[in-house]
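A.B. asks: Residue 28 is where the sequence shown starts when you use full-length UniProt numbering, and the numbers rise one by one after that. I have a structure I would like to understand better, so I am pasting it below and will then ask my questions one at a time.
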Amino acid sequence: TMSTSISSDFGNKHITPGIGRVSNDLVIEKGKGTWVWTTDGKKWLDFTSGIGVTCLGHAHPAITAAVTSQVEKISHSQVNIAHSLSQLQLIEKLIPVMPSPELDTFFFTNSGSEAVENAVKVAKNYTNRRGVVVMQGSYHGRTYATSAMTTSKTVYSAGFGASLPGIYPTPFPYASQLHVPADTPVEKMTELSLSHLALLFKQQIPAHEVACIVIEPVLGEGGYVPAPKEWLQGLREVCDKEGIILVFDEVQSGFGRTGKMFYSEYSGVVPDIQIMAKGIAGGLPLSAIVAKNYVMKGQKPGSMGGTYSGNALACAAGMAVLETFEKENILDNVNARSEQLFATLREVQQSELTGHMIRDVRGAGLMVGVEFTPFTEPPSAASIISGAAVGANKSESQPGSVPQKGGQRVKDIGSRVAKKCLEKGMLILTTSVFDVIRF
Ligand code: PMP
Numbered sequence: 028t029m030s031t032s033i034s035s036d037f038g039n040k041h042i043t044p045g046i047g048r049v050s051n052d053l054v055i056e057k058g059k060g061t062w063v064w065t066t067d068g069k070k071w072l073d074f075t076s077g078i079g080v081t082c083l084g085h086a087h088p089a090i091t092a093a094v095t096s097q098v099e100k101i102s103h104s105q106v107n108i109a110h111s112l113s114q115l116q117l118i119e120k121l122i123p124v125m126p127s128p129e130l131d132t133f134f135f136t137n138s139g140s141e142a143v144e145n146a147v148k149v150a151k152n153y154t155n156r157r158g159v160v161v162m163q164g165s166y167h168g169r170t171y172a173t174s175a176m177t178t179s180k181t182v183y184s185a186g187f188g189a190s191l192p193g194i195y196p197t198p199f200p201y202a203s204q205l206h207v208p209a210d211t212p213v214e215k216m217t218e219l220s221l222s223h224l225a226l227l228f229k230q231q232i233p234a235h236e237v238a239c240i241v242i243e244p245v246l247g248e249g250g251y252v253p254a255p256k257e258w259l260q261g262l263r264e265v266c267d268k269e270g271i272i273l274v275f276d277e278v279q280s281g282f283g284r285t286g287k288m289f290y291s292e293y294s295g296v297v298p299d300i301q302i303m304a305k306g307i308a309g310g311l312p313l314s315a316i317v318a319k320n321y322v323m324k325g326q327k328p329g330s331m332g333g334t335y336s337g338n339a340l341a342c343a344a345g346m347a348v349l350e351t352f353e354k355e356n357i358l359d360n361v362n363a364r365s366e367q368l369f370a371t372l373r374e375v376q377q378s379e380l381t382g383h384m385i386r387d388v389r390g391a392g393l394m395v396g397v398e399f400t401p402f403t404e405p406p407s408a409a410s411i412i413s414g415a416a417v418g419a420n421k422s423e424s425q426p427g428s429v430p431q432k433g434g435q436r437v438k439d440i441g442s443r444v445a446k447k448c449l450e451k452g453m454l455i456l457t458t459s460v461f462d463v464i465r466f
C-alpha cells in the first residue's frame, strides 16, 4: 500500500461535490473479503458491501479467475451484432435460480437504474398505458426516469428540473412512512397501504391507465423494511384484476442478501418483471430484467439494446457468483450470520445501556435495519382522539419513548452511531429520512 501520493484532497477538488460519502478523507485502494484498505495503510471492516454489491466479499478468487479468463477471450461482444456466448451461459445459470420458471426472458443493462428504466418501458409497451405506481419512500435510481420514481429523499431530484410525468407514489406498509405508531400491527399497515392504493385509483389515475406497479420487496434506501407477505399478495391480486404489470425491484434485496436468492420467495408471490443488479455480478457493472415471456414477446427488434448490454466480463463474473453460491453454500452462511446479527442487535435493543433508543430491529438475512426512536414521535391514535400533545403520553422508561440525554432529546442517533463506527474502523451506512442504520 502507499503506492500513490494522490490524496483525498485531490478527489475532493476534482470530483463533483454532488457525490456524498461516508468519509471524504479516505481513499480505498484494495479489498479482500469483508475488509478494505485505504492508501494511508489502514484496514476497515466493510459493512457497506459497496452498497449491497459484494455478495462474495471483495476480490473473491472465483470472480477474479472468471474475469481474467474472459478478458483473454473477448471483453466486448456486442449484443446487437450477434449473441454473446458468456451472456447465454449466464442466462442458463440464472434460469434455475429465478423465483419462478415463468420468469425466463432476459434483458441486460449496466446499472440498477437502467434496468428499472427498461422494466418501465417494457410494461408501458406491453400494456399501452401511461401510469407508473411506486411506493413512497422507495429508491429506484438517479437517472431521469428513475429519479422521478424515487421518493426516499428529495436530494435525488431537487434542483434537477422537470421530472418524468405519470409517476404516482403511494405509501409502503412501514410505520414511519405511514406515520402511525411503531407498534401498529403489520396486518393493519398492509390494509392501510392497500387502501391508499385503492384511493389513488379513484382520485389520481384510474387503474386501467396504470402500466405497472413497481415495488421494492425490501424497502432499501427508504429504511430497510421487508414487505409483508399479505401486502405482496394483495398487490398481486390488484394487478391480476386490473391488468397491471407487477414489477419487483430486487436490485438490493436480490442475490442472497435476505437469506433466499430473492426476497419474493418468502411470499411465493411472482412478479411479471423482476429487476436485478448489484449482487448479480459481485462487483462488476451488470444489471438485468427478467420477465414472463409474453410480457416481452411483442417487442420490435432494435427497440431494446445498449452498447455494453450484458458485457462479457460482467457476465463471466455473474457466472462465478452463481457457481460460488452453490459451491460455498452462501445462502446457509447468510442465514447463520443473520441469526447471530439479529440475536446481538435484539440484545442491544433490550439493554438498559441503550435506554430504549432502538425502536426497531428488522430485516431478513443480512439486509438488516436498526431504527432509532425519532426525535419526534408520530402521534398515537389515542393522543389524536384525546387531543393530547405529541408524545405526552409516553414516559421515559417505556419502549418507544423519546430518548433523553441529560434532559435533552437526542437527534440523528443513526448518523452518530455510523460516525462512531468509522472512528473504530468500521464502514457502515445509514438509510432513509428516518433514523436508521443498515447492515
Ligand atoms: N433500485 C434499488 C432498489 C436500489 O437499491 C438501487 C441502488 N441503490 C437502484 C435501483 C439503482 O441502482 P444503480 O445505482 O446501480 O443505478
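Backbone N, C-alpha and C define an ideal beta-carbon position, used for all residues, glycine too.
Kindly indicate which residue of S32, G79, F74, H41 has the alpha-carbon position closest to the one of E56.
C.D. replies: Minimum Cα distance to E56 is reached at S32.
A.B. asks: Please tell me whether, using a cut-off of 7 Å, the distance from the CB of I78 to the nearest non-hydrogen atom of the ligand PMP is below it.
C.D. replies: True, at least one ligand heavy atom lies under 7 Å from that Cβ.
A.B. asks: What residues in its chain sit with their C-beta under 6 Å from that of R465, if we drop five residues either side in the sequence?
C.D. replies: If we look at R465 and ignore the five residues flanking it on each side, its Cβ neighbours are Y251, G396, L456, T458.
A.B. asks: Which complete beta strand (DSSP E) runs does the segment 76 to 135 hold, if anything under 3 residues is left out?
C.D. replies: Runs found: none.
A.B. asks: Should L273 and C266 be called a contact, given that it needs their Cβ atoms to be closer than 8 Å?
C.D. replies: Yes. Within cutoff.
A.B. asks: According to the Cβ coordinates, are K256 and Y201 closer than 8 Å?
C.D. replies: Contact flag unset, no.
A.B. asks: How would you call A415, buried or exposed, if buried means at least 16 neighbouring beta carbons within 10 angstroms?
C.D. replies: Confidence in A415 is poor, its pLDDT being 48 and thus under 50, which makes the residue's placement too unreliable to answer from.
A.B. asks: What is the DSSP secondary structure of S424, counted as helix, strand or coil?
C.D. replies: Any reading at S424 must be qualified, since the residue scores a pLDDT of 37, below 50, and its modelled position is unreliable; no value is offered.
A.B. asks: Which runs of the alpha helix (DSSP H) spanning at least 4 residues fall entirely within the segment 52 to 79, listed in chain order?
C.D. replies: Counting only runs of 4 or more, we get 76 to 79.
A.B. asks: Quick check: what's the CA-CA separation for Q163 versus D299?
C.D. replies: Looking at the two C-alpha atoms, the distance is approximately 21 Å.
A.B. asks: Classify A304: buried if its beta carbon has 16 or more other beta carbons within 10 angstroms, exposed otherwise.
C.D. replies: A304 is buried by the Cβ-count criterion.
A.B. asks: Exposed or buried, what is F275 when buried is set at 16 or more other beta-carbons lying within 10 Å of its beta-carbon?
C.D. replies: Classification for F275: buried.
A.B. asks: For V98, which residues from the same chain have a beta carbon less than 7 Å from its beta carbon, with the 5 sequence-adjacent residues on both sides left out?
C.D. replies: Cβ within range, chain order: L340.
A.B. asks: Closer than 6 Å by C-beta to V63: which residues in its own chain qualify, once you throw out the five before and the five after it? Chain order, please.
C.D. replies: The residues are I55, W71, D73.
A.B. asks: Taking the alpha carbon of T91 as the reference point, which residue from H103, G193, I194, A308 has its own alpha carbon closest?
C.D. replies: Among H103, G193, I194, A308, the Cα nearest to that of T91 belongs to A308.
A.B. asks: Using a threshold of 7 Å, is the CB atom of V278 nearer than that to any non-hydrogen atom of the ligand PMP?
C.D. replies: Indeed, a heavy atom of the ligand PMP lies less than 7 Å from the Cβ.
A.B. asks: Entirely within the segment 136 to 174 and at least 3 residues each: give me those beta strand (DSSP E) ranges in chain order.
C.D. replies: Counting only runs of 3 or more, we get 158 to 163.
A.B. asks: Could you please give me the residues that DSSP links to C239 through a beta bridge?
C.D. replies: Partner(s): V159, I272.
A.B. asks: Give the straight-line distance between the Cα atoms of M394 and I78, rounded to the nearest whole angstrom.
C.D. replies: In a straight line, the C-alpha of M394 is about 11 Å away from that of I78.
A.B. asks: Which residues in the same chain have their Cβ closer than 8 Å to the Cβ of S291, if we skip the five residues on either side of it in sequence?
C.D. replies: Excluding positions up to five away in sequence, the list reads P126, P244, L259, F275, E277, V297, P298, Q301.
A.B. asks: My assumption, with CB atoms under 8 Å, is that L177 sits in contact with Y171. Please give the rounded CB distance.
C.D. replies: It should be pointed out that residue 177 corresponds to Thr in this sequence rather than to Leu. Going by Cβ atoms, the distance from T177 to Y171 rounds to 11 Å, so no, they are not a contact pair.
A.B. asks: Measuring alpha carbon to alpha carbon, tell me which residue in K100, I122, N137, T43 is nearest L311.
C.D. replies: If we check each option's Cα against that of L311, N137 comes out closest.
A.B. asks: Report the CB separation of F461 from L313 in whole angstroms; it is logged as a contact under 8 Å.
C.D. replies: In fact, because the Cβ distance is near 31 Å, the residues do not count as touching under 8 Å.
A.B. asks: State the Cα-Cα distance for the pair E214 and T285, rounded to the nearest angstrom.
C.D. replies: Rounded to whole angstroms, E214 to T285 spans 21 Å at the Cα level.
A.B. asks: For N39, I'd like the list of residues in its chain whose CB is within less than 7 Å of its CB, leaving aside the five on either flank, ordered along the chain.
C.D. replies: For N39, where only same-chain residues beyond five positions count, the Cβ hits under 7 Å are N51.
A.B. asks: Give me whichever residues DSSP pairs with R389 in a beta bridge.
C.D. replies: Bridge partners of R389: G396.
A.B. asks: Go through its chain and collect everything with a Cβ distance to T81's Cβ below 7 Å, but skip five positions before and after it.
C.D. replies: Excluding positions up to five away in sequence, the list reads G309, G310.
A.B. asks: Can you tell me where the alpha helix (DSSP H) holding T351 begins and where it ends?
C.D. replies: Residues 339 to 354.
A.B. asks: Based on DSSP bridge pairs, tell me the residues matched to G309.
C.D. replies: BP columns for G309 point to L311.
A.B. asks: Got a sec: does the ligand PMP put a non-hydrogen atom nearer than 7 Å to the Cβ of V463?
C.D. replies: Answer for V463: no, Cβ out of range of the ligand PMP.
A.B. asks: Going straight from the alpha carbon of L358 to that of F133, what length do you get?
C.D. replies: Roughly 24 Å separates the two Cα atoms.
A.B. asks: Which runs of the alpha helix (DSSP H), 4 residues or longer, sit entirely within the segment 213 to 237?
C.D. replies: Qualifying alpha helix (DSSP H) stretches, in chain order: 213 to 230.
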